[in-house]
Each structure stands twice: as C-alpha cells, then as structure tokens.
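Sequences listed follow chains X, L and G, in order.
For the first sequence, the numbering used here assigns the number 282 to the last residue and increments by one with no breaks.
For the second sequence, the numbering used here assigns the number 354 to the last residue and increments by one with no breaks.
For the third sequence, the numbering used here assigns the number 424 to the last residue and increments by one with no breaks.
For every residue, glycine included, the Cβ atom is placed at its ideal position computed from N, Cα and C.
Just so you know, these numbers come straight off a predicted model, no measurement behind them.
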Amino acid sequence: MTTVVGLPVNTLAERYLARWELVSGGILLAVIAALLLLGPALSGHDPGYVDLQNRLTAPNALDHLLGTDQLGRDLLARLLHGLRWSLTAALGATLLAFATGTVLGLIAARRQSLLGTAIRQVTAFAQSFPVFVLAICLVAIVGNSLVTVVLVLGLVTWPVFCRVVQAEATSLYAREYVMAAEMLQMGQPRLYFRHVLPGLLPSLSVLLAFHFADMLIAESALSFLGIGAPLGAATWGNMLQESRAYLISAPWLLLVPATAIVTLVITANLLGDGLRRHLE
Amino acid sequence: MTLGMNVTSPTVPGGPVLEVDGLSVRAGSGHLATMPVQDVSFTIAAGEVLGIVGESGSGKSMTAYAIGSLLPEGVAVSAGRIILEGRPVHSLSPAERRALDGNRIGMVFQDPLSSFNPVRTIGSILIESAMRHQRLSAAAARDKVIEALAGVRLPRPELLVDAYPHQLSGGQRQRAMIALALLNGPSLVVADEPTTALDATVQLQILALLKRSAGARALLLITHDLAVASTVCDRILVMQRGRCVEQGPAAGILDAPAHSYTRELLAAARWPAVFGNQAHAGAA
Amino acid sequence: MTLMSLRPVRDLAVLLLGTLTLLFFLLRLTGDPALVLAGPDASDQQVAVIRAEYGLDRSLPVQYLSYIGNLLRLDFGRSLADGSPALRKVLIAYPTSLLLAAMAMAVTLLISVPTGAWLGARRHGAARIAVRWLLFVLQGVPGFVTALLLVQIFAIELVWLPALGSSGLSSLILPTISVASFLAPKLTRLIEANVAAAMGSPYVRTARAIGASDREILWRHALPNALLGATALVGTQFAFLMTGLVIIESIFAWPGIGWLLVQSTTSVDFPVVQAITLTVVVTVFAVNTFVDLMQRRVDPRLRHREPLAPGVAA
C-alpha cells in the first residue's frame, strides 16, 4: 500500500481464496470432462430420437432423468450432446483467437515494422467495434455449422489476445535480457520461445480462461438466435429457444440448459479468477 | 517572514515537544507477524532537529507513520507511548486524532508527485486543511494558503494555488508539501525522506528550507543517508532492523560512531565533504 | 487545437473505409452478389437489373468504387423483406434501441457506482463477501439467460409485467433489467478496483495526514479519481452494451436495431444488414470520440500540458 515495508494482511486471505477458487473450479472441470467423455450415451437415449407419446414428461428417476422436450426427446441426452457442441465451439474459437492474436501481438510489439504499426491500428479500432454484430453477419451469411461458428468467433475476437500480448511483449522486448539475446543474434524462434513466451504465460493463461467463458456465452447466444447451429440440433442455445413456448407447462425445458450454461461459465470464471489471484 | 511565527507553546512549557517511549509496532497477526519497530525511545525538544537514519527495512518510516497515525492496514502500535506536547496521542479516538493531524503535527512525504492528488489543484488540499483546522471561510483560507506558498519561496503563489501537480517541478511540489505541513502552525514536523526523490542540487535547497522553517518547532527527519542527516540535524538516532542501535548529538555520532552499523552507514554516505553540522544558507 | 480536431475525422474515415471494405467482401463470400442483393425470389430479369445497377458485371476495382460510392451517397438499397429503403428502416428502429440503451445504462450506473465505491472502500466484512459472491454469480449468468428467467418469473408465473413488445412503460422494465444485469457486474468490479487503488494511493495518505475523515476521503479524494479512471473504459462498455442489446431485443421482441439485425441476417436481407452494421459502427465511434473529448476537458492532466512558472529553479 505505502512505500513502507509491512505485511499486507490481504495476501493470506487472497491466497486462500485463490486456492479455493482453483480447487472448486478444478472439481467442476473434472466433472464436466467426465460427462464430456461419456457423452450422450450416458443417458441411454439418442438425442434426436423423437417420441411423441412421451412428450413433455417431467424429470423422473425412471426413464428420463431430466425429462423430455416437446418432441419427446430425452433432455439429458440433448444436454450432453449440447455439452460437446458448446465445449468444442468455445475451445476451438478460443484457441484460434489465441493463436492468431498471439502471433499478431508479437509482431505488433515490434515498433519498427510497418506491419506492426498496421496491426496496432487495427487492434485499437477493434476495441470498440461491436464484434458480435460482425459475428452474426458472418455466420448468417456463410451458413450454419460448428466449423463456421468456431472460425468466425475465433477470427473475430483475436484482438483480445493481440492487445494483451502486444502490451506485455513490448515491455518484455525492452528488458535487458531480451535485448542481450537479440544482440547475440539468437534466431527469432528461439528468442520467442525461450525468453518472450514464458513471460507472457501468466496473463495469457488467465485470459484463456475468461475468453473461453465469453466464447461459451457467445456461441449459445448465437445458437439461441438461430444462427450457427442447424435447426433442431441439440445445442443449449437451441434448447433455450425451444423452451420459450413451454415456459408454463414445462419449465424444466428452460432450467436444464440454463443451469448447464451457467455452471460451465462459472467454472471458467472460477479458474480464471483463481489463476489471476494466484499469479498476482 | 511568515514561517515559524505561529507556534503555540506546548502544554508542558520547557518539556519536550515529542516523547516516544518504548514504541513497538507489529505488522500482521498470529505466527506470521513481524515487528518493524521494537522498543524505540527518543525525545525531541522545541527548536531541535532529530534525524532517524537507517537503511530500508530498518523501521524508520514505520516509526514516523506511527507518530503520524498513518500506519497501513494490519499494522499497529503494539507497545509503548507517544506523547505530543505532554498529551499521550497513541491511544486517542480517531476523531480526537484527526484534530491533531495537519494541525499540531505536519507531515512531509517522500514523493511529492504522487502525494498530491493529480486531478485536484495544489491549493485545494491546503485550503481544505486551513478550513478544517483554522475554521476559516474558503476565501480567507485561500489568502492564508497564498501566504504560506509565498513563505516557502514559491514564485507567483497566487497562480500556483490553482495549478495542478503535474505543472510544477519536483522541487516546487516539495516546497508546496512543506507549506502544507506548516500551514496551521504545528509544533512537530515529521519529514519522511523529503529529498530522496529530488535532484541533487534541489536537495540542498529543500533541506535548508526545512531547517529554516523548523525554527522553534520540533523536526523529525527520516533518511537513509547520513550525509543528509548531517546537514540539518542536531541529534541523530540510528536504527537497524527495527531497533535503535545508537543515539546522540550529530557531531558525536559522525565523528566517533560507537556502533559498527553506524560506521557502515558512514562509509556509504554520499557527501563526505559536507560532514559537520552546516546548515546551507543561500538560495534557500 | 485545429490539428487535434482533425484526428477524429481521419479516424472515422479510416473506420468507415475499413468497414465498407469488409462488407464488400462479405457480400461476395456467398457467391453471386447480385443474387444476394436481389433475394431468392427474384426473377432473372430483376437479378439482371440489380447487376447493372450495382455495376456487378464490371471489373472488381470498379465494383468496389461504385459500391463505396453508393454507400457514401447513403444509398443502401432496398430491404428484401418489404422493399422499403434499407437505411430508412434502420433509422426508424434506431431511437427504440437508444431508449433501451439509455435506460439500461442509467440503471447500471445507479447500481454499479455506489456498490463499486462501497466495495472498494470497505475491505472487510461478511456483507462485502456476500455482495462479491452475488456479483460473481451474476457475471456467470449470460444476459439472455437472465432475461429468460426474468420472463419466466415475472411475466409467466406472476404475470406482473409483459413479456413482449414495446407498448407502455411497463414493457421497458424487464428488458432494461436484463441488459443491466449483463453490464453491471463487470462495471461494478471495475469501479471497485479503481476505488480500492485510489484509497491506497499516496495522495489519500496526504489527505489522512491533514485529518480528513473516512467519508471525506472516499467522496472528495478517492471517488473523483476512480470515476475518472473508469470513464476511460466507457467506450468498450458501450460496445459491450450493443452486444447485449442484440440478444435482449430478440427475446423481448423489442423493435430496435438489434432485433432488426437478427431478423435481417437470418433472412439474409443484405441491404439492411449493411445499413445496420454501418450505423452501429458510426454510433460506437461517436460515443468513443465524445467520451474522449469529455475526458480531455475534465482530466486536468490532459487539459493543462504546460508547466507553470518555470521561474525560480525548483
């Protein structure tokens, strides 16, 4: 707090909180991973199997653990299928944005290059550009598929990583040990991998977690709006949209996907927050 | 000369202005607690300048903050007494304490740039202090502040009052900080490394200003540099790792240091040529 | 000052050019631009007319120039849905969105600023932990999920408020709360961080040294700085707000540009899509520039650059 040396009482509390966040996030992640691996088969039903005789049955322990939707499809199976879809989309988009943004950010941090300057300009503009609008346009125009969603979301959000990498790399480049390595004419790749990237790792890992949460929300929002996921596909956004007509008669249609999304996002937020506190 | 003229006499005439007796400060709690200050005692009389010298981590700043009731969160006085003008002040209620801060005690901090609010004028905080402790109207306070700024030899004080911190040089800001400390005529001035953040040439001027304006007050100067202490202090107290290792008249400490640590500090002092107790006249 | 005032103009020009170029290539992504512009129901003749009108049978650079030229003349074509001029359709929906955005922003500020200030100043206590927890959970719930839950509770179960449409004040409430729940957690944490930083700063220590009380310190010394720092991020928050609007408007059938955007993109009504994109881009840019200018006027560090009284050395 002041320049005087003293033990800030917060660090202990902070460290406990960080540990708690990471542990609970980790447990949730493990559960999610297990569900992911087991897949829709866990429910014993096929997510697309239409059974009009059993439509809109409430959750029960007998046959359908989470009930069925308006076409008699088992909700648990659809939920698990949606899990795969959402995770794949969010992970793919995050990794794509991460890869693109990091590379461009490293280039942008080099003050001298023209390309760097151009990238810096674009990033500055992108900061206040409503990228979601762009994403909607792109996906709607190109077509509904998982690949499209991943590509669009990934390519539209690279400025998030670029900005952070740019800022941190600039300060790293200015540090003596990096300058020394450059003077020794170390090859570029070696320079990056040995000296620059390790310095970026802390903030990048935090950003990865939070960006993943954002991509989750973005993907489900898109599919909720009918963009990105094919009609009738078992995605959480679709399920939310379909639930709207049955809010009175079958509220579980809303609550099941809603809880799933919230749980996943909170998991990602817990991990991101815990990481950030831990690395501070 | 508007400085040093409005010092009210201490409650105990003839007694020391500040008396610190067995002061200990604890940081943190439980088994992870540390003691930045351990059993430190000293007095400062009116008109006297005491310098506390030590390297970083010695607890000298903590001592100053304990006296100024500015200890950070989680850090508190754990033992000892602090007596100002005959009154014990270490156990006052926050409200009573606030009546003293800026009024009977004036603080001068190390970094004048960050110690002034960057989005408020230099004058605003001085005016706030004058209004609070001298119960003046805003207009009257403003006049007093301009007077005070003139007293520390700042040019065009009527303009400076409305200037922002970034518009002044480091030395000018420190002068303003000194004006703030002296504004309400305190009997004790505590200066924590007042020259460390300044250029070498400016340091001498500021030290001279401090010495001159101390006048009939008690001045506590915190510094890591024995040379700095040697220019203005009457007495010197050396601290190491929270404890007082040596205390006495400046000349005595400098000429014949008794403790090995003091000798180390002497060796590290920057201006061997200015040893001896000279107050620098001139541009101040 | 004249040179400074030219910079936003240059930035706007670059931004517009970039966006238009993007749209230009977007149009060509799906194949024949003439078909896209004419719509799936158009006859061959109509397609040919469009092709000639937009110069789509000529070389690419010429196409680009005529496209830019059209848009600069504010000719965005006609909506494929109802044939009305695309730009007019967008401009009609615009104020409806603005109303929702303004209300939501106001509610957000009303919640975030006091809460953030309280959290930043108060570093301990069970109440603080509880509130931070609530914010954390709220941040984990996506805006549209909140909206749906709100609709479920207040419109369906309790039938207190309408679930759809934009008639009357009561229909404004649920959409506003939904958008606010989208924005508020993040903004609150931002303000909290700023206030906490301000409270721990050296100039607050100076204020304590002259005997200021905790309340005076928060209101007079810490809060102005914290809020000033937070306004720098209004630009990004606004872009974030626009995102939220798109989704929330769709849920509540609130006839603003967000709702229009979703409708036109799903029906690939490209003229309207390009009109909306440009409108949104210009709006966000305008807000950013405005905030920038305000900051320049309010923040003394930016307003007065010159040092004062160089006179006496130090």
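Local Cβ density within 10 Å of residue i, reported as buried at 16 or more and exposed below that
i	result
Asp324 (chain G)	exposed
Ala15 (chain X)	exposed
Thr265 (chain L)	buried
Arg305 (chain L)	buried
Ala32 (chain X)	exposed
Met309 (chain G)	buried
Ala349 (chain L)	Residue confidence for Ala349 (chain L) is low, a pLDDT of 42 falling below 50, so the modelled location carries little weight and cannot support an answer.
Met181 (chain X)	exposed
Arg168 (chain G)	exposed
Asp269 (chain L)	exposed
Asp151 (chain G)	exposed
Met75 (chain L)	Its pLDDT being 37, under 50, Met75 (chain L) is placed unreliably by the model, and the measurement read from it follows with that caveat. Exposed, because fewer than 16 other Cβ atoms sit within 10 Å of the Cβ of Met75 (chain L).
His234 (chain G)	exposed
Val6 (chain X)	Note that Val6 (chain X) scores a pLDDT of 35, beneath 50, so its modelled location is shaky; the value from the coordinates is reported in the next line. Counting Cβ neighbours within 10 Å, Val6 (chain X) comes out buried, since at least 16 surround it.
Arg406 (chain G)	exposed
Phe135 (chain G)	exposed
Asn187 (chain L)	buried
His66 (chain X)	buried
His101 (chain L)	exposed
Thr104 (chain X)	buried
Gly346 (chain L)	The predicted model places Gly346 (chain L) with a pLDDT of 39, which falls under 50 and marks its position as unreliable, so this point remains unresolved.
Ser251 (chain X)	exposed
Leu324 (chain L)	buried
Tyr18 (chain X)	exposed
For residue i: DSSP bridge partner residues
i	result
Gly176 (chain L)	L:Val259
Thr113 (chain L)	L:Glu89
Pro319 (chain L)	L:Arg305
Thr150 (chain X)	The partner list for Thr150 (chain X) (beta bridge, DSSP) is empty, contrary to what the question assumes.
Gln310 (chain L)	L:Arg313
Asp185 (chain G)	Partner(s): none; Asp185 (chain G) has no beta bridge.
Asp216 (chain X)	Answer is none; Asp216 (chain X) lacks a bridge partner.
Ser207 (chain G)	Answer is none; Ser207 (chain G) lacks a bridge partner.
Asp53 (chain X)	Partner(s): none; Asp53 (chain X) has no beta bridge.
Leu154 (chain L)	L:Leu88 and L:Arg157
Asp171 (chain L)	L:Ile175
8 angstroms contact criterion, which residue i and residue j should meet: CB distance rounded
i	j	result
Thr96 (chain X)	Phe226 (chain X)	With a Cβ gap of about 20 angstroms, Thr96 (chain X) and Phe226 (chain X) do not count as contacting.
Leu140 (chain X)	Val162 (chain X)	Contact flag wrong, Cβ pair sits at about 17 angstroms.
Thr125 (chain X)	Arg165 (chain X)	5 angstroms
Gly156 (chain X)	Gly94 (chain X)	7 angstroms
Leu68 (chain L)	Arg318 (chain G)	The question about residue 68 (chain L) has no answer here: the residues shown for chain L are numbered 71 through 354.
Leu93 (chain L)	Ile153 (chain L)	So it is not a contact: roughly 11 angstroms between Cβ atoms.
Leu78 (chain X)	Thr265 (chain X)	In fact, because the Cβ distance is near 15 angstroms, the residues do not count as touching under 8 angstroms.
Gly138 (chain L)	Pro106 (chain L)	The pair is not a contact, with the Cβ atoms about 15 angstroms apart (cut-off 8 angstroms).
Ser222 (chain G)	Leu355 (chain G)	Contact flag wrong, Cβ pair sits at about 18 angstroms.
Contacts of residue i in chain A (Cβ-Cβ under 7 angstroms)
i	result
Thr387 (chain G)	In summary, chain A is missing from the structure at hand, where the protein chains are X, L and G.
Exercise. Identify each residue in the stretch 237 to 253 of chain G for which the Cβ-Cβ distance to at least one residue of chain X is less than 9 angstroms, and report them in chain order.
Key: Phe246, Val247, Gln249, Gly250, Val251, Pro252 and Gly253
Quiz prompt | Under 7 angstroms (Cβ pairs) to chain X, residues found in the stretch 360 to 379 of chain G | solution = Ser360, Leu371, Val372, Thr375, Thr376 and Val378
Quiz item: Contact between the stretch 271 to 278 of chain X and the stretch 24 to 38 of chain X: three or more CB pairs below 8 angstroms?
Solution: yes
Quiz item: At a Cβ cut of 7 angstroms, what residues of the stretch 102 to 132 of chain X count as close to chain G, listed as they run along the chain?
Solution: For chain G, the residues of the stretch 102 to 132 of chain X that bring a beta carbon within less than 7 angstroms of one of its beta carbons are Phe127, Gln129, Ser130, Phe131 and Pro132, in chain order.
Exercise. Tell me, please, whether the stretch 337 to 356 of chain G touches the stretch 153 to 173 of chain G by the rule of three or more beta-carbon pairs shorter than 8 angstroms.
Key: Not touching, per the Cβ criterion.
Quiz item: Would the stretch 85 to 103 of chain X and the stretch 35 to 42 of chain X be scored as touching if the rule is three or more Cβ pairs under 8 angstroms?
Solution: yes
Quiz item: Does the stretch 89 to 105 of chain L touch the stretch 246 to 257 of chain X, meaning 3 or more C-beta pairs lie closer than 8 angstroms?
Solution: no
Practice problem: Count the C-beta pairs between the stretch 264 to 278 of chain L and the stretch 200 to 207 of chain L that are closer than 8 angstroms, then say yes if the count reaches three, no if not. | Solution: no
Quiz item: Below 8 angstroms, can you find three or more Cβ-Cβ pairs linking the stretch 158 to 173 of chain X to the stretch 200 to 210 of chain X?
Solution: yes
Self-check item: Residues in the stretch 257 to 288 of chain L having any Cβ partner in chain G nearer than 7 angstroms
Solution: Val272 and Gln275
Quiz item: Is there contact here, the stretch 120 to 139 of chain L with the stretch 279 to 297 of chain L, by at least three beta-carbon pairs under 8 angstroms?
Solution: yes
Quiz item: Counting Cβ pairs, one atom from each stretch, are 3 or more of them under 8 angstroms apart for the stretch 274 to 288 of chain G and the stretch 205 to 221 of chain L?
Solution: no
Quiz item: Do the stretch 295 to 308 of chain G and the stretch 148 to 161 of chain L touch if we need at least three Cβ pairs shorter than 8 angstroms?
Solution: The way I'd put it, the stretch 295 to 308 of chain G doesn't touch the stretch 148 to 161 of chain L; fewer than three beta-carbon pairs between them come closer than 8 angstroms.
Quiz item: Is there contact here, the stretch 344 to 359 of chain G with the stretch 392 to 404 of chain G, by at least three beta-carbon pairs under 8 angstroms?
Solution: yes
Quiz item: Using a beta-carbon distance cut-off of less than 9 angstroms, what residues from the stretch 333 to 352 of chain G approach chain L?
Solution: Pro334, Asn335 and Leu338
Quiz item: So, do the stretch 214 to 233 of chain L and the stretch 158 to 175 of chain L have three or more beta carbon pairs nearer to each other than 8 angstroms?
Solution: no
Quiz item: Using a beta-carbon distance cut-off of less than 7 angstroms, what residues from the stretch 80 to 94 of chain X approach chain G?
Solution: Under the 7 angstroms Cβ criterion, the stretch 80 to 94 of chain X contributes no residue.
Quiz item: Quick one: any contact between the stretch 177 to 185 of chain G and the stretch 371 to 381 of chain G, if contact means 3 or more CB pairs under 8 angstroms?
Solution: Counting C-beta pairs closer than 8 angstroms gives fewer than three between the stretch 177 to 185 of chain G and the stretch 371 to 381 of chain G, which falls short of the contact rule.
Self-check item: Short-range partners of chain G found in the stretch 253 to 276 of chain X, where Cβ spacing is below 8 angstroms
Solution: Pro253, Leu256, Ala260, Ile263, Val264, Val267, Ile268, Asn271 and Asp275
Practice problem: Pull out every residue of the stretch 291 to 304 of chain G whose Cβ sits closer than 7 angstroms to any Cβ of chain X, in chain order. | Solution: For the stretch 291 to 304 of chain G, which is checked against every Cβ of chain X, not one residue is closer than 7 angstroms.
Quiz prompt | Three-pair Cβ contact test at 8 angstroms for the stretch 191 to 206 of chain G versus the stretch 381 to 389 of chain G | solution = yes
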